[in-house]
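Protein chains: 2
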Amino acid sequence: MDKQTITIYDVAREAAVSMATVSRVVNGNPNVKPATRKKVLEVIDRLDYRPNAVARGLASKKTTTVGVIIPDVTNIYFSSLARGIDDVATMYKYNIILANSDQNGQKEVQVLNTLLAKQVDGIIFMGNQITDELRAELKRSRTPVVLSGSVDPTGELGSVNIDYVAAVMESITDLINNGNKRIAFVSGSMDEPINGEYRLKGYKMALEKAGIKFDKELIFETDYSYRAGETLWPAIASSHATAAFVGDDELAVGVLNGARDAGLRVPEDFEIITSNDSKLTEIVRPKLSSITQPLYDLGAVSMRLLTKLMDKEEVSEKTILLPYGLIKRSSTK
Amino acid sequence: MDKQTITIYDVAREAAVSMATVSRVVNGNPNVKPATRKKVLEVIDRLDYRPNAVARGLASKKTTTVGVIIPDVTNIYFSSLARGIDDVATMYKYNIILANSDQNGQKEVQVLNTLLAKQVDGIIFMGNQITDELRAELKRSRTPVVLSGSVDPTGELGSVNIDYVAAVMESITDLINNGNKRIAFVSGSMDEPINGEYRLKGYKMALEKAGIKFDKELIFETDYSYRAGETLWPAIASSHATAAFVGDDELAVGVLNGARDAGLRVPEDFEIITSNDSKLTEIVRPKLSSITQPLYDLGAVSMRLLTKLMDKEEVSEKTILLPYGLIKRSSTK
DNA sequence: AAATAAGGTAAAAACGCTTGCAATTATCTT
DNA sequence: AAGATAATTGCAAGCGTTTTTACCTTATTT
């Protein structure tokens, strides 16, 4: 009645060998006589035996599963990373347990705990703010962790990103060269180091180099969502900014539509440059100029780094910077 | 040196009870004297004991994990469903193993096998084409399965969708009422029942009711991607269609931009109605009119149905239809 | 106060596999 | 051909829980 499963024991009996031998052939252990291997393989095939990964996990203390903590799969930036992660994971025979956190510290800690309970071999974390509690748990767990597309100012954890400071500086400089003096800086929470430290620093450096005075009236802090951008428009408009750097594509599209729906022409009246070069940038009109980041690769490389960490391989540098670029489409002059 | 773990045995010793008792309190079994429970709980807290889910899984034959097979997380339609799935899963204490399949029959079978090896308690499948091989494996596994946002013409498997026939018929009728006689039908592969059977049927019914003759020159079969839509435009243009029904939002945006970049005005010169009501529809200009589907809910309800199946609860109807609607935005007159 | 009924708790057998170690068999060496 | 070495294979002890069975306390009943 219930799902009668074939165990390694059944195979051993049918093949007239010990469980140990079956285990060896299943695991590709070379210490098996070819003839024996063949015999076992035949039985496995005939019985349609499928090793129980849970039992395996218990015995070997490896689950070939990694946990992925993601703010929201629905956000194209993160899902792009996730895709890269999954592909590389598959390549290395790992599976992914995906869990949405909404960037909520509480949830993050909770999710982390259930992942650890499930004995994942490693963790990939996305999210730009790591609370002290989370960091403590992460450390205590002794499980390899890598931050994907997220920054760790302390450098304790493995992470894969681009050089945000330089990328932002370059894009702001570009905007300045186009004649803009008042450039809005629109991003998510400044509490996130990626915004409050890295991007903002790039922004300030570019201004300084051009001899423009920093004006905090031009700093806008909001959510990473389309709606947030749309809503924010009036405020940006009244700041007399003539251009904006935006830290997220959905957000940027919101700003873009806010501006256009208010009657402005982009880029003639207002220029926009965004940060993630996701599909969205090419889907909207005008197409958005953007910092380019290899999203898929960020995920892929993160996972690859994690496999090294899990295998206890020596890694020379735990913080990996991937190349970025700047692509001018039609939202800038 | 290595991660020394606290086991149930340690807790039992410290609390001076048996493992069995610790197990009972951990699992909320009521047969424990309050005083004992308290004592055990204190030790658990002090030792920071975290039950090993793998061992649990082996002993109880339940992993509280479900497998989710998704064509591509990067597609907003699917990721929206996935979000609903994950939220409900979390609610019921399950985790999700997410695996991308690219709608590739081979990969699907392979992924399914590794999920089953991992002893998932259930499976949620997204993808509109179920090969015979896959169906056979699914059946043989005796693991509960539900199709999310995907159709099963045979009705053997649990599934959650909307009434595609009716929805498409309604939208085509709307287009007809706007004066269109030549309406393009743009979708993914016609081999997928959702397109070749359901949607197409709705399309034909609407035409018939209006006395318009079906013209297969107006049927366009392509990929579910932005690029595919853009590329397809010239063909649509030369078919002399004055409107299009499109089966996927990304695809629809491609068609929209193809048309506009070619100089047409939407909706004045060409009308478009799309199918999934994802974020994209509101992000582009003009905003896309669409069939509305509760994407998040489709996922959520799928997962809820799966929990019932996993608990062996009686479910009156394995095929659940959620309500759909039609929202007119600016891509139709 | 004796008999009976409930709780509570412990003991130990699974769960299905990996793995170190020992035993066996095959292959060399000289 | 005997001893030595290497290649195979089997044994059995875990891995950390759950769960069944049985036993032992208490409380309840009469």
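Top line first, the protein sequences correspond to chains V and Y.
Taken in order, the first sequence gives residues -7 to 325; the numbers are from the working numbering.
Taken in order, the second sequence gives residues -7 to 325; the numbers are from the working numbering.
Cβ atoms here follow ideal geometry from the backbone N, Cα and C, with glycine treated the same way.
Every value quoted in this text rests on a predicted model; they were computed, and no experiment measured them.
Rounded to whole angstroms, what's the CA-CA distance from residue i to residue j? Just pull it up for me.
i: ARG321(Y); j: SER282(Y); result: 8 Å
i: PRO145(V); j: GLY119(V); result: 13 Å
i: VAL247(Y); j: ASP289(V); result: 28 Å
i: LYS140(V); j: ALA8(Y); result: Checking the displayed sequence, the identity of residue 140(V) turns out to be Ser instead of Lys. In a straight line, the C-alpha of SER140(V) is about 44 Å away from that of ALA8(Y).
i: TYR218(V); j: THR123(V); result: 26 Å
i: VAL160(Y); j: GLU242(V); result: 29 Å
i: GLY59(V); j: VAL143(V); result: 18 Å
i: MET326(Y); j: PRO259(Y); result: Outside the displayed range of chain Y (-7 to 325) lies residue 326(Y), so it cannot be described from this structure.
i: ASP310(V); j: VAL293(V); result: Note that residue 310(V) is Lys in the sequence shown here, rather than Asp. Distance between the alpha carbons of LYS310(V) and VAL293(V): 11 Å.
i: GLY317(Y); j: SER163(Y); result: 9 Å
i: MET(-7)(V); j: ARG134(Y); result: Note on MET(-7)(V): pLDDT 36, under 50, position unreliable in the model; the coordinate value appears next. Going by the C-alpha atoms only, they are around 10 Å apart.
i: ILE68(Y); j: ASP240(Y); result: 10 Å
i: TYR216(Y); j: LEU108(V); result: 37 Å
i: GLY221(Y); j: ALA227(Y); result: 10 Å
i: ASN92(V); j: GLY76(Y); result: 10 Å
i: THR13(Y); j: TYR156(Y); result: 53 Å
i: VAL18(V); j: ASP2(V); result: 14 Å
i: MET11(Y); j: VAL307(Y); result: 37 Å
i: LYS110(V); j: ARG29(Y); result: 24 Å
i: PRO185(Y); j: LEU287(Y); result: 19 Å
i: ALA236(Y); j: ASP261(Y); result: 11 Å
i: ALA198(V); j: GLU189(V); result: 14 Å
i: ASP78(V); j: ASP64(Y); result: 10 Å
i: PRO278(V); j: GLY180(Y); result: 27 Å
i: ARG330(Y); j: LEU210(Y); result: With chain Y represented from -7 up to 325, any question about residue 330(Y) goes unanswered, as that position is not in the structure.
i: ILE0(Y); j: ALA27(Y); result: 19 Å
i: ALA176(Y); j: ALA233(Y); result: 6 Å
i: GLY147(V); j: GLU125(V); result: 17 Å
i: LYS131(V); j: THR56(Y); result: 26 Å
Show which residues of chain V have a CB atom less than 9 Å away from the CB atom of residue i.
i: GLY203(Y); result: Ordered by position in chain V, no residue passes the 9 Å Cβ test against GLY203(Y), which lies about 37 Å from the chain.
i: ARG191(Y); result: Chain V residues near ARG191(Y): none, gap ~23 Å exceeds 9 Å.
i: ARG252(Y); result: ARG277
Which bits of chain V does residue i rub up against, with CB to CB less than 8 Å?
i: TYR218(Y); result: LYS271, GLU274, ILE275
i: ASN249(Y); result: ILE275, ARG277
i: ARG296(Y); result: The premise fails here: ARG296(Y) is roughly 17 Å from chain V at the closest Cβ pair, so nothing lies under 8 Å.
i: ARG42(Y); result: ASN105, LEU108, ALA109
I want to verify the contact list: residues of chain Y whose CB lies under 9 Å from the CB of residue i, in sequence order.
i: ASP37(V); result: Neighbours of ASP37(V) on chain Y: none; closest Cβ ~14 Å, over 9 Å.
Applying a beta-carbon distance threshold of less than 8 Å, which residues of chain Y neighbour residue i?
i: LYS110(V); result: ALA45, VAL46, THR57, ASN87
i: ASP64(V); result: ARG75
Looking only at DSSP bridge pairs, what is residue i linked to?
i: ILE283(Y); result: LEU318(Y)
i: VAL60(V); result: LEU90(V), ILE116(V)
i: SER151(V); result: LEU139(V), THR311(V)
i: PHE237(V); result: PHE177(V), ILE265(V)
i: GLU213(Y); result: SER179(Y)
Going along chain V, which residues have a C-beta under 7 Å from residue i?
i: SER327(Y); result: With chain Y covering -7 to 325 only, the question about residue 327(Y) has no answer from this structure.
Please list, in chain order, the chain Y residues whose beta carbon lies closer than 7 Å to that of residue i.
i: LEU50(V); result: VAL46, ALA47, LEU50
i: VAL245(V); result: ILE275
Exercise. With contact counted as at least three CB pairs below 8 Å, one residue from each stretch, are the stretch 295 to 311 of chain V and the stretch 99 to 116 of chain V in contact?
Worked result: Two segments are said to touch when three or more pairs of C-beta atoms, one from each, lie closer than 8 Å; by this definition the stretch 295 to 311 of chain V touches the stretch 99 to 116 of chain V.
Problem set entry | Within 8 Å of chain Y by C-beta, residues of the stretch 78 to 95 of chain V in sequence order | Listed in sequence order: ASP78, ASP79, THR82, ASN87, ILE88, ILE89, LEU90, ALA91, ASN92.
Exercise. Relative to chain V, which residues along the stretch 106 to 130 of chain Y have a C-beta separation below 9 Å, given in chain order?
Worked result: Within the stretch 106 to 130 of chain Y, the residues whose Cβ lies closer than 9 Å to some Cβ of chain V are THR106, LEU107, LEU108, ALA109, LYS110, GLN111, listed in chain order.
Exercise. Touch check for the stretch 40 to 52 of chain Y and the stretch 44 to 64 of chain V: three-plus C-beta pairs under 8 Å?
Worked result: Enough Cβ pairs lie closer than 8 Å, so yes.
Exercise. Just checking, does the stretch 15 to 32 of chain Y make contact with the stretch 93 to 101 of chain Y on the three C-beta pairs under 8 Å criterion?
Worked result: No: fewer than three Cβ pairs fall under 8 Å.
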